[in-house]
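Residues in the sequence shown are numbered consecutively from 260, following our numbering.
A virtual CB, placed ideally from N, CA and C, is assigned to each residue, including glycine.
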Amino acid sequence: MKPLHIIAAALALTATQAAVAQTMDIQRHGDTTIVNIDNPTKYLLLPVEEDQPESQVMLYTDNAADTWMDVRLAQNKVDYYVPFRLGNGFTATVKILNLKPNALAIQSGQMQLSNTWDVTNTDFYRPTYHFTPAYGWMNDPNGMIYKDGEYHLYFQYNPYGSKWGNMHWGHAISKDLFHWKQLDPAIARDTLGHIFSGSSVVDRYNTAGYGKNAIVAFYTSASEKNGQIQCMAWSTDNGRTFTKYSGNPVLTPFDGLKDFRDPKVFWYAPMKKWYMIVSADKEMRFYSSSNLREWTYVSAFGKGYGQQPNQFECPDFFELPVDGNANHRKWVMIVNINPGCLFGGSATEYFVGDFDGKTFKCDTDPKVVKWLDFGKDHYACVTMGNTPGRVVALPWMSNWQYANVTPIKQYRGANALPRELKLYTRNGQIYLSADVVKEADALRKESVSIDNIKADKKGTVRQLPDNYGYAYELDFDVTPGKSAETGVTLCNDKGEEVKIYFDMKKNRVVMDRTKSGLTDFGKLAKPHEIEANYDVHQFKDKNTKFRMLNSVNYQNDFALGTWAPLSLCEGKTYTVRLMIDKCSVEMFIDGGRIPMTNLVFPTAPYNKLKFRSADGKGSFKNVKAYRLAL
Numbered sequence: 260m261k262p263l264h265i266i267a268a269a270l271a272l273t274a275t276q277a278a279v280a281q282t283m284d285i286q287r288h289g290d291t292t293i294v295n296i297d298n299p300t301k302y303l304l305l306p307v308e309e310d311q312p313e314s315q316v317m318l319y320t321d322n323a324a325d326t327w328m329d330v331r332l333a334q335n336k337v338d339y340y341v342p343f344r345l346g347n348g349f350t351a352t353v354k355i356l357n358l359k360p361n362a363l364a365i366q367s368g369q370m371q372l373s374n375t376w377d378v379t380n381t382d383f384y385r386p387t388y389h390f391t392p393a394y395g396w397m398n399d400p401n402g403m404i405y406k407d408g409e410y411h412l413y414f415q416y417n418p419y420g421s422k423w424g425n426m427h428w429g430h431a432i433s434k435d436l437f438h439w440k441q442l443d444p445a446i447a448r449d450t451l452g453h454i455f456s457g458s459s460v461v462d463r464y465n466t467a468g469y470g471k472n473a474i475v476a477f478y479t480s481a482s483e484k485n486g487q488i489q490c491m492a493w494s495t496d497n498g499r500t501f502t503k504y505s506g507n508p509v510l511t512p513f514d515g516l517k518d519f520r521d522p523k524v525f526w527y528a529p530m531k532k533w534y535m536i537v538s539a540d541k542e543m544r545f546y547s548s549s550n551l552r553e554w555t556y557v558s559a560f561g562k563g564y565g566q567q568p569n570q571f572e573c574p575d576f577f578e579l580p581v582d583g584n585a586n587h588r589k590w591v592m593i594v595n596i597n598p599g600c601l602f603g604g605s606a607t608e609y610f611v612g613d614f615d616g617k618t619f620k621c622d623t624d625p626k627v628v629k630w631l632d633f634g635k636d637h638y639a640c641v642t643m644g645n646t647p648g649r650v651v652a653l654p655w656m657s658n659w660q661y662a663n664v665t666p667i668k669q670y671r672g673a674n675a676l677p678r679e680l681k682l683y684t685r686n687g688q689i690y691l692s693a694d695v696v697k698e699a700d701a702l703r704k705e706s707v708s709i710d711n712i713k714a715d716k717k718g719t720v721r722q723l724p725d726n727y728g729y730a731y732e733l734d735f736d737v738t739p740g741k742s743a744e745t746g747v748t749l750c751n752d753k754g755e756e757v758k759i760y761f762d763m764k765k766n767r768v769v770m771d772r773t774k775s776g777l778t779d780f781g782k783l784a785k786p787h788e789i790e791a792n793y794d795v796h797q798f799k800d801k802n803t804k805f806r807m808l809n810s811v812n813y814q815n816d817f818a819l820g821t822w823a824p825l826s827l828c829e830g831k832t833y834t835v836r837l838m839i840d841k842c843s844v845e846m847f848i849d850g851g852r853i854p855m856t857n858l859v860f861p862t863a864p865y866n867k868l869k870f871r872s873a874d875g876k877g878s879f880k881n882v883k884a885y886r887l888a889l
C-alpha cells in the first residue's frame, strides 16, 4: 500500500453530542485506489468531470451484494460533485478502479466528507413546472402507479452524474401530477446489472402472495454478463421501498435475444390472468401468468410494422373507448422506437387493434405509421397504472441523439407534461389523441386577454407582461389563410425565436426552433449508425439523409423544424394551446389531435408574440396568455 494522504476533520453531529473526528486515508494498491474512513459521515462527495471516462467506485463491505458504480471522476477539473452514501458503520471503505494515480479526484481536499447534500438549484434551464430530478441524470419514466391518493413516478436515474449510467429507479410522489416530492431511489443497481425500465401493478387479489394491494414492480436487469433479463420486486409500504425477489430473474428470452427489455404488466380480466408485454428487438412479445412469478409465452407482434428500420422499446398496452363510446373499445399498443423519428433519433408510435388474450391484431396495414407526438423530444412514453376513468401518459422530454450534451449540468432530463390519451375517428381511421391533463389548469396564476387579430405579412406584435418570464401558456383559435403561412412567433429582444405556423400549401403545422437560442450543441449529436445511412435511396437527392430532408429548415440535429399533418384535424379553424417553460415548448392542437413537444434553450424569455399571415387573410381569436407557476 502506498499512502497518498490523510485528511482529518471534526464535525458536530448534534447539539448534544461531542465532536467526533473523521479521518480519510487514501492509498494506492496496484491499479486500485482505496479510501478508508473512520467515523464516516453520511456522504463522500465525489468530484466529477463530465468528459472523462468512467471510473468504478464501490462501497466495500465484503458482501456479495457490493456493486460497482460508474463515476466520471475528475482528472483535471471539477464540473460538479455527487454524493456517495457511506452506510452506517463506524468505518467505511471505498474502492476505486480505472483512475490515474495523479488524477485530481484523489488530490488533497477534492473528495469531501459531509452529512448534508445541497440540492439548491444552480442550473439556469431547470423548468418551472416540469419534473426534474434534484441532481443527476434522468431518462425513461417507468413503474408509474396511482395508489391511495398518490401518483408514483419511478424513472431511469443516475445519482452519480448528469450523463447516462448506473441505472436505478428514481422515485417521486405527487397528489396532482405537478407538485412532486423526490424520494430516495426505490430500486438500486445491483450485481445482476443496471435497473432498466419496466412497470408496476397493484396486486388487488394477492396473486403473488405479498399481501393484498402490494405494489409489484417489474424491470429489466441489464449487464454484459447476464444480458437483459426480467426481474421482480415488491413493496408493502406504498412504494417507498422494494424487496427484490430472491428467485430473479422471472423471465429470460427463450432464444437468447440481446434486446429483450422494458416489461409492461397488466391484468386481463377475461382470462383472469396477468399479461406481460416485452420489447424483443423489432417486435413485442406477450407472456401470461397467474402468480406474477411464472410466465408463459403467448404470442408476438410487430415484425415489419410501423416506421422502418426500428428498434422497439418501452411498450405499453391498454384498452380505450372509441369516440367516448363504452360499447366500442379498442386496444392500443404504444411502441417507442430508436432510431426512427421523422426528424431523427427517438420517437413514439402506436398501433390500434383487437386483443383476445392470445394475439393482437392491428387494424391497419403494416406500412401505416401513427405518431403519438410530432416533436423531436417525446420518448419513452408510458402510462400511469391504476388510474380509473382515464389513461394518463408521461413521456421523457429529450432525444437520444443529443440527450447527453444538452446545455445543462446539475441535472439532465425532464418529463414532458402529463397527457390524457383518447381514441377518436378521422377519415375511417382510429387515432390516439394526447392532450395535457386537466390538472394543468391549476398552474394558471393570472391572465391577459389579447384583442382579436387580423394578421398581415408584416406581423402584429404583442408584448407579454414582465412577470410572465419563461413560464406561460398561450391559447388561441386560428383560421389560416387558404394558400399561405399563418402563425405566431415566440421571440425576445436578442433575436431568438420559435416560429409556429400553419403551412396551408403543404397542409401541415410547423414548429421551427432553428433560432430558438442555444442550438450549436446539436452539432455534437450522434445519429444512430442505421440512421446515418438510412433511406437515401428513396430520394432524388442521394446525398441527403432522411432526417435532414424531412425536417423543416434543417441546420443541425437540434436546430430544425418539426411538423404534423393537418389531416388529423377537422374544420378550417384550429384551437391551439402552447405551454412554454424554461427549456421547452409543447403544443396541443384541437384537444391533442396534434401534440408537438420540443426542447428550446433561449438566453432570455420569449416576451413578445408576433402574429403573422403571409397572405393577410389569417385571423386569431380568443387569444389569451396565462402566467404559469406551481
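Between the beta-carbon of G457 and the beta-carbon of F477, is there less than 9 Å? A contact, by the Cβ cut-off of 9 Å.
Complete runs of the beta strand (DSSP E) confined to the region 711-741 [at least 3 residues]: Correct list: 719-722 and 731-738.
Tell whether a beta-carbon distance below 9 Å holds between M924 and P739. Residue 924 falls outside the range modelled here, since the chain spans only 260 to 889, and no answer is possible.
Within 10 Å of its beta-carbon, does T821 have 16 or more other beta-carbons around it, so buried, or fewer, so exposed? So T821 ends up on the buried side.
If you count every other CB in all the chains shown that lies within 10 Å of the CB of Q487, and 16 or more means buried, which is it? Taking every protein chain shown into account, the CB of Q487 has 16 or more other CB atoms within 10 angstroms, so this residue is buried.
Since I believe Y833 is in contact with Y731 (beta carbons under 8 Å), could you give me their beta-carbon distance rounded to a whole number of angstroms? Y731 to Y833, Cβ: 20 Å. No contact.
In terms of residues, what are the limits of the beta strand (DSSP E) holding N595? Where N595 is concerned, the enclosing beta strand (DSSP E) stretches over N584 to I596.
Return helix, strand or coil for R772, following the three-state DSSP convention. Note: R772 maps to coil in three-state DSSP.
I'd like the list of long-range same chain contacts for G452, defined as Cβ closer than 7 Å, with 5 residues on each side in sequence excluded. Same-chain partners within the cutoff: S480, A481, S482 and N485.
Taking L385 as the reference, which of K869, N809, C842 and S872 has the closest Cα? A small correction: the amino acid at residue 385 is Arg; Leu does not occupy that position in the sequence shown. If we check each option's Cα against that of R385, C842 comes out closest.
Could you check the C-alpha separation between R871 and F610 for me, to the nearest Å? Their backbone Cα atoms lie some 37 Å apart in a straight line.
Considering only DSSP beta bridges, list what W376 is partnered with. Paired residue(s): none; W376 is not in a bridge.
Given A467 as reference, the closest of W493, F501, T748 and I593 once Cα atoms are compared: Nearest C-alpha to A467: W493.
Just curious, the alpha helix (DSSP H) that M807 is in, first and last residue? Where M807 is concerned, the enclosing alpha helix (DSSP H) stretches over F805 to N809.
For T391, count neighbouring Cβ atoms within 10 angstroms of its own Cβ and tell me buried if that reaches 16, exposed if not. T391 should be labelled buried.
Tell me the DSSP secondary structure of K758 in three-state form. The three-state secondary structure of K758, taken from DSSP, is strand.
For the beta strand (DSSP E) containing K791, name the first residue and the last one. At residue 791 the sequence reads Ala, which differs from the Lys that was named. Counting along the chain, A791 falls outside any beta strand (DSSP E), though it belongs to the alpha helix (DSSP H) covering E788 to A791.
Beta-carbon within less than 8 Å of R448's beta-carbon, same chain only, minus the 5 sequence neighbours each way: which residues are those? Within its own chain, the residues whose Cβ lies closer than 8 Å to the Cβ of R448, once the five positions on either side in sequence are excluded, are T326, M328, N425, M426, H427 and I454, listed in chain order.
Check this for me: beta carbons of E308 and S421, under 9 Å apart or not? In this structure, S421 does not lie closer than 9 Å to E308 by Cβ.
Label V537 either buried or exposed according to how many other C-beta atoms from any shown protein chain fall within 10 Å of its C-beta, with 16 as the threshold for buried. V537 comes out buried.
Straight-line Cα distance separating V627 from K876: Spanning the two alpha carbons is a distance of roughly 35 Å.
Hey, V835 and L691: beta-carbon distance below 9 Å or not? Their beta carbons are not under 9 Å apart, which means V835 does not touch L691 by this criterion.
Between V557, Q660 and F576, which has its C-alpha nearest V599's C-alpha? The question names Val, yet the displayed sequence has Gly at residue 599. Cα-wise, what sits closest to G599 is Q660.
So the beta strand (DSSP E) A863 belongs to, where does it begin and stop? First-last for A863: undefined, no H or E at that position.
CB of M838 within 9 Å of CB of L676, strictly: With respect to L676, M838 sits close: the two C-beta atoms are nearer than 9 Å.
With a cut-off of 8 Å on the beta carbons, I'd call M491 and R588 a contact; round off their distance for me. The C-beta distance from M491 to R588 rounds to 29 Å, too long to meet the 8 Å contact threshold.
Might you give, ordered along the chain, the residues of its own chain that have their beta carbon closer than 7 Å to the beta carbon of G746, omitting 5 neighbours on each side? Excluding positions up to five away in sequence, the list reads K758, I759, Y760, F761 and R871.
Give me the residue from Q286, K406 and G687 with the minimum Cα distance to V581. When only C-alpha atoms are compared, the closest one is G687.
According to the neighbour-count rule (16 or more other Cβ atoms, all chains shown, within 10 Å of its Cβ), is E788 buried or exposed? Looking at its Cβ environment, which holds fewer than 16 other Cβ atoms inside 10 Å, E788 is exposed.
For A701, does the three-state DSSP call read helix, strand or coil? Residue state, collapsed to three classes: helix.
C-beta contact flag for H430 and Y413 at 9 Å: Their beta carbons are under 9 Å apart, which means H430 touches Y413 by this criterion.
Ignoring anything shorter than 3 residues, give me the beta strand (DSSP E) runs that lie fully in the region 474-504, in order along the chain. Runs of the beta strand (DSSP E) lying entirely within the region 474-504, each at least 3 residues long, are 486-494 in chain order.
Please say whether T387 and L887 have beta carbons closer to each other than 9 Å? For L887 and T387, yes; Cβs fall inside 9 Å.
If we ignore side chains and look at the alpha-carbon of each, how far apart do T555 and T607 end up? Using only the alpha carbons, I get a separation of about 28 Å.
Candidates S775, E829 and N866: closest to G725 by CA position: A small correction: the amino acid at residue 725 is Asp; Gly does not occupy that position in the sequence shown. With distances taken between CA atoms, D725 lies nearest to N866 out of S775, E829 and N866.
On the DSSP letters alone, give me the boundaries of the beta strand (DSSP E) that C621 sits inside. Here the beta strand (DSSP E) through C621 covers F619 to C621.
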